[in-house]
Structures are given as C-alpha cells and as structure tokens.
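Chemist:
In the working numbering, the protein residues as written are 3 to 141.
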C-alpha cells in the first residue's frame, strides 16, 4: 500500500535494511528488521479501527454489519499477533495511516527511526560508539 511504501522508502534512505511481509512471523508484518529484532505494521485506520481524530468510524448501519465484523476481527487478530511477537522477543511498532499525512509524516518517520535504533543489540551499540581508527596490518 502507499503508506507502507512511504515508510519503507524512508527507512531505506536512512540505511535500514529489511524484509517485507515475512510469512514465518505471526501476522506477516509489513516490515521486518532482523538486526534490530523489530517488526513494523503499517495499519489503515478503517480496517484496524484506529481511534484517531482524522477518522471517525461510521455506524454499523452505514458500513454494514459484515465490514464492522471484519474490522473487529482485525483488531483482535492484531492484539494476538502483537502478543505472540513480543513473547518471541520482537519489538512491535505500529504506524497508522493517519500518522503519514502531510502534517505529521516527518515527525512520525523520525520517531519510528529513533525507536528502531533503540532496539539495536548492545554489542553493535558499543561498536558504533567506539568508532576506533583502523590500525595498520603488521607484516
């Protein structure tokens, strides 16, 4: 979807490497960053029933009982998958479609990048912090 592409392009420009829609993980996350043990779901406000000011969920009469039931099923499935991923040691980030609008996209993407970096394993954080100059090889 377009919102997913926006997030992926931003992360790629920052040097993050990821997999898309990994079927081996619960919920088939939209973006998987194995190095950071982080998964990202980019959710649409309608189908995942986001309680945001940018979107008001229409009444069941207007959207129909089938759509309302499917949306509620999505919410329950999201909770279950998040719990399973957390138990497996993954950090779960959710980016909502409304957070990717012109007014908020920059702040949202910067927050996501910051949260990903916070999940970097301790060993790699130490290596990046040291940044020691290369020593010449001995003959």
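Glycine included, every Cβ here is placed at the ideal spot set by N, Cα and C. None of the values given here were measured: they were computed from a predicted structure.
1) Along the chain, where does the alpha helix (DSSP H) that runs through residue 14 open and close?
2) Residues in its own chain within less than 8 angstroms of residue 87 by CB, not counting five upstream and five downstream?
3) From what residue to what residue does the alpha helix (DSSP H) around residue 111 run?
4) Straight-line CA distance for residue 8 to residue 74?
5) If you draw a straight line from the alpha carbon of residue 116 to that of residue 103, how long is it in whole angstroms?
6) Keeping to the same chain, check which residues put their C-beta closer than 8 angstroms to that of residue 119; ignore five residues upstream and five downstream.
7) Could you give the distance in angstroms between the alpha-carbon of residue 105 and the alpha-carbon of residue 35?
8) Please report the distance separating the alpha-carbon of residue 25 from that of residue 33.
9) What did DSSP end up calling residue 21 once you bin it into helix, strand or coil?
10) What is the residue span of the beta strand (DSSP E) that residue 35 lies within?
11) Ordered along the chain, which non-local residues of its own chain (more than five positions away) have a Cβ less than 7 angstroms from that of residue 122?
12) Going by other Cβ atoms of all chains shown within 10 Å of its Cβ, with 16 needed for buried, is residue 3 buried or exposed?
13) Expressed to the nearest angstrom, what Euclidean distance is found between the alpha-carbon atoms of residue 71 and residue 107?
14) Leaving aside the five residues before and after residue 6 along the sequence, list all residues of the same chain whose C-beta is less than 6 angstroms from its C-beta, in chain order.
Modeler: The answer reads as follows:
1) Within the chain shown, numbered from 1, the residue matching residue 14 stands at position 12. Its alpha helix (DSSP H) spans residues 4-15.
2) For the purposes of this step, residue 87 is taken as the residue at position 85 of the chain shown. Within the same chain, and ignoring the five residues on either side of residue 87 in sequence, the residues whose Cβ sits closer than 8 angstroms to its Cβ are 27, 28, 29, 31, 41 and 94.
3) As a first step, residue 111 is located in the chain shown; it is residue number 109 there, counting from the start. Residues 107-120.
4) Taking the chain shown and counting its residues from 1, one reaches residue 8 at position 6. Taking the chain shown and counting its residues from 1, one reaches residue 74 at position 72. Straight-line Cα distance between these residues: approximately 26 angstroms.
5) Position 114 of the chain shown, counted from the start, is the residue given in the question as residue 116. Position 101 of the chain shown, counted from the start, is the residue given in the question as residue 103. Cα to Cα, residue 116 sits roughly 19 angstroms from residue 103.
6) For the purposes of this step, residue 119 is taken as the residue at position 117 of the chain shown. Counting only Cβ-Cβ distances below 8 angstroms, and skipping sequence neighbours, we find 38.
7) One-based indexing of the chain shown puts residue 105 at position 103. One-based indexing of the chain shown puts residue 35 at position 33. Spanning the two alpha carbons is a distance of roughly 27 angstroms.
8) If you number the chain shown from 1, residue 25 lands on position 23. If you number the chain shown from 1, residue 33 lands on position 31. So the two alpha carbons sit approximately 11 angstroms from each other.
9) Locating residue 21 in the chain shown gives position 19, where the first residue counts as 1. Residue 21 falls in the strand class under three-state DSSP.
10) Along the chain shown, one-based indexing puts residue 35 at 33. For residue 35, the enclosing beta strand (DSSP E) begins and ends at 33-35.
11) Along the chain shown, one-based indexing puts residue 122 at 120. Contacts found: 38.
12) Here residue 3 refers to the residue found at position 1 when the chain shown is read from its first residue. The residue is exposed, with fewer than 16 neighbouring Cβ atoms inside 10 Å.
13) As a working mapping, residue 71 is identified with position 69 in the chain shown. As a working mapping, residue 107 is identified with position 105 in the chain shown. Cα-Cα distance, rounded: 30 angstroms.
14) Within the chain shown, numbered from 1, the residue matching residue 6 stands at position 4. For residue 6, where only same-chain residues beyond five positions count, the Cβ hits under 6 angstroms are 32 and 44.
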